[in-house]
DNA sequence: CGCCCGATGTGCT
DNA sequence: GCACATCGGGCGT
């Protein structure tokens, strides 16, 4: 029994949404088939005050989707070659989003393997840019609505394994940010998951 | 294993 | 110019 996660789920405090996304299933419809994985790592970026958030210098063409309504995909390009996927949260006008950092691949393993040729299976979706490549997610999907089917990208409910445990920690790759932002424990991981 | 570094576009200083 | 919410290859241990 699965349901597409609706907009009111995303229209909440970004840190809460980041934690609650753990254990849900990210689904990509690609060439008529489902590619999916359980979300096992997320990170919250919270408003213009958060100096690690892309919105910290105000709205630009690049981060505009973050200022839009909740439940949409903010997908940005970085380091000249990588795409990263975020879910916009909170009310329109308030820039906040959850970065999806890792998945446990579940469906479409053959296609995922093809997208990640030469990579060990354990690393297929272990990292924000790795998972977008595995599920064929790029800038063409930036701004798309994750909540209104039929779409090409959405998140579904899923049963949380009884053995799963949530581990919090500081966000990854933002050492340039000053305190207190650098140390905010807005990274969430699900450990001991067995799908 | 771990560390170093190159790839390579975009937005900001 | 430079920094960046990154990754993967190369080489040393």
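Numbering (the numbering used here), first residue to last: 77 to 271. Every residue gets a Cβ at the ideal spot worked out from N, C-alpha and C, and that includes glycine.
Check: Is residue 173 helix, strand or coil when you go by DSSP?
Finding: Residue 173 carries a strand assignment under DSSP once its states are collapsed to helix, strand and coil.
Check: With a CB to CB cut of under 7 angstroms and the five nearest residues on each side skipped, what residues in its chain are close to residue 191?
Finding: Same-chain partners within the cutoff: 209, 210 and 212.
Next item on the list: Return the first residue and the last residue of the alpha helix (DSSP H) that residue 188 is part of.
Entry: Its alpha helix (DSSP H) spans residues 185 to 191.
Check: CA-CA distance, residue 126 and residue 132?
Finding: Straight-line Cα distance between these residues: approximately 6 angstroms.
Next item on the list: Can you give me the start and stop residues for the beta strand (DSSP E) that residue 229 sits inside?
Entry: Where residue 229 is concerned, the enclosing beta strand (DSSP E) stretches over 229 to 232.
Checklist line | Distance CB(residue 101)-CB(residue 268) smaller than 8 angstroms | finding: Not closer than 8 angstroms, so no.
Note to self: Distance check for residue 182 and residue 111, CA to CA, integer angstroms please.
What the structure shows: Near 8 angstroms, if we compare the C-alpha coordinates of residue 182 and residue 111.
Next item on the list: Indicate whether the contact test is met: 3 or more Cβ pairs, each with one atom in the region 142 to 149 and one in the region 183 to 203, closer than 8 angstroms.
Entry: The region 142 to 149, when compared against the region 183 to 203, does not touch it at the 8 angstroms Cβ threshold.
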